[in-house]
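The opening position of the sequence shown corresponds to residue 3 in the numbering used here, with each subsequent residue numbered one higher. Note that CB positions come from ideal geometry on N, CA and C, so glycine has one too. Working notes for the structure below.
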Amino acid sequence: MLKIFVIFKPKNADHNDIRFEIDGELKGFGFISRKDNQLALTRCPICDRENYAMSVLTGQCAWCGFSIYQQAGLEIIDRTISPAPKQ
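Here is the structure:
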(Lines of atoms letter the chains of each structure in order from A; the text may use other names.)
(Lines give C-alpha, C1' and ligand atoms only; values in the text may rest on other atoms or scores of the structure.)
Protein backbone atom coordinates (compact mmCIF):
# COMPACT_ATOMS: atom_id res chain seq x y z
CA MET A 3 0.00 0.00 0.00
CA LEU A 4 1.32 3.42 -0.95
CA LYS A 5 1.24 6.29 1.52
CA ILE A 6 2.37 9.81 0.73
CA PHE A 7 3.91 11.92 3.50
CA VAL A 8 4.16 15.69 3.15
CA ILE A 9 7.21 17.39 4.66
CA PHE A 10 6.17 20.97 5.19
CA LYS A 11 8.67 23.70 4.35
CA PRO A 12 8.70 27.33 5.58
CA LYS A 13 5.73 29.42 4.50
CA ASN A 14 7.76 31.38 1.93
CA ALA A 15 8.70 28.20 0.00
CA ASP A 16 6.83 27.51 -3.24
CA HIS A 17 6.49 23.76 -2.57
CA ASN A 18 6.48 21.07 0.10
CA ASP A 19 8.53 17.89 -0.17
CA ILE A 20 6.87 14.47 -0.26
CA ARG A 21 8.11 10.98 0.62
CA PHE A 22 6.49 7.68 -0.22
CA GLU A 23 5.99 4.75 2.13
CA ILE A 24 5.53 1.29 0.66
CA ASP A 25 5.08 -1.64 3.05
CA GLY A 26 6.48 0.38 5.96
CA GLU A 27 9.62 1.54 4.15
CA LEU A 28 10.27 5.12 3.03
CA LYS A 29 11.27 5.22 -0.63
CA GLY A 30 11.42 7.86 -3.33
CA PHE A 31 11.06 11.63 -3.27
CA GLY A 32 8.93 14.27 -4.85
CA PHE A 33 7.27 17.56 -4.15
CA ILE A 34 3.87 19.19 -4.24
CA SER A 35 3.41 22.72 -5.52
CA ARG A 36 1.75 25.17 -3.15
CA LYS A 37 0.42 27.20 -6.07
CA ASP A 38 -1.64 24.51 -7.81
CA ASN A 39 -1.13 21.29 -5.76
CA GLN A 40 0.68 19.58 -8.64
CA LEU A 41 2.59 16.45 -7.61
CA ALA A 42 6.09 15.87 -8.99
CA LEU A 43 8.23 12.73 -8.85
CA THR A 44 12.01 13.21 -8.53
CA ARG A 45 13.03 9.68 -7.37
CA CYS A 46 10.78 6.70 -8.01
CA PRO A 47 9.72 4.64 -4.97
CA ILE A 48 9.39 1.48 -7.10
CA CYS A 49 12.59 1.29 -9.18
CA ASP A 50 14.59 3.72 -6.98
CA ARG A 51 15.93 5.60 -10.00
CA GLU A 52 16.16 9.34 -10.37
CA ASN A 53 13.40 10.43 -12.71
CA TYR A 54 14.18 11.84 -16.15
CA ALA A 55 14.04 15.64 -15.84
CA MET A 56 11.30 16.06 -18.45
CA SER A 57 9.06 13.56 -16.61
CA VAL A 58 9.34 14.99 -13.07
CA LEU A 59 6.30 17.28 -13.37
CA THR A 60 4.14 14.55 -14.90
CA GLY A 61 4.28 12.56 -11.66
CA GLN A 62 5.22 9.47 -13.66
CA CYS A 63 8.52 7.57 -13.65
CA ALA A 64 10.20 7.57 -17.06
CA TRP A 65 11.92 4.26 -16.27
CA CYS A 66 9.26 1.91 -14.86
CA GLY A 67 5.99 3.78 -15.51
CA PHE A 68 4.98 4.28 -11.85
CA SER A 69 2.45 7.13 -11.58
CA ILE A 70 1.75 9.00 -8.35
CA TYR A 71 -1.78 9.79 -9.50
CA GLN A 72 -2.74 6.21 -10.41
CA GLN A 73 -1.22 4.64 -7.30
CA ALA A 74 -2.71 7.18 -4.90
CA GLY A 75 -6.17 7.04 -6.51
CA LEU A 76 -5.85 10.63 -7.68
CA GLU A 77 -6.37 12.27 -10.99
CA ILE A 78 -5.28 15.64 -12.25
CA ILE A 79 -7.94 18.08 -13.41
CA ASP A 80 -6.65 21.41 -14.67
CA ARG A 81 -3.44 20.75 -12.71
CA THR A 82 -5.38 20.40 -9.42
CA ILE A 83 -5.43 17.18 -7.40
CA SER A 84 -8.88 15.65 -6.96
CA PRO A 85 -10.10 12.23 -5.79
CA ALA A 86 -10.47 9.84 -8.70
CA PRO A 87 -14.09 9.24 -9.76
CA LYS A 88 -15.75 6.03 -8.57
CA GLN A 89 -16.07 3.48 -11.36
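*Kindly indicate which residue of LYS11, PRO12, ALA15 and ARG21 has the alpha-carbon position closest to the one of LYS5.*
Nearest C-alpha to LYS5: ARG21.
*Identify which residue in LYS29, LYS37 and GLU23 has its Cα closest to the Cα of ALA15.*
The shortest Cα separation from ALA15 among LYS29, LYS37 and GLU23 belongs to LYS37.
_Unbroken beta strand (DSSP E) run spanning ILE92, endpoints_ = In this structure the chain extends from 3 to 89, so residue 92 is not present and cannot be described.
*Per DSSP, VAL8 forms a beta bridge with which residues?*
ILE20
*Hey, ILE48 and LEU41 are a contact pair by Cβ (cut 8 Å); roughly how many whole angstroms apart?*
15 Å between Cβ atoms; not a contact.
*asked:* For SER69, list the residues DSSP reports as bridge partners.
replied: According to DSSP, SER69 bridges with GLN62.
_Coil, strand or helix - ALA15 by DSSP_ = coil
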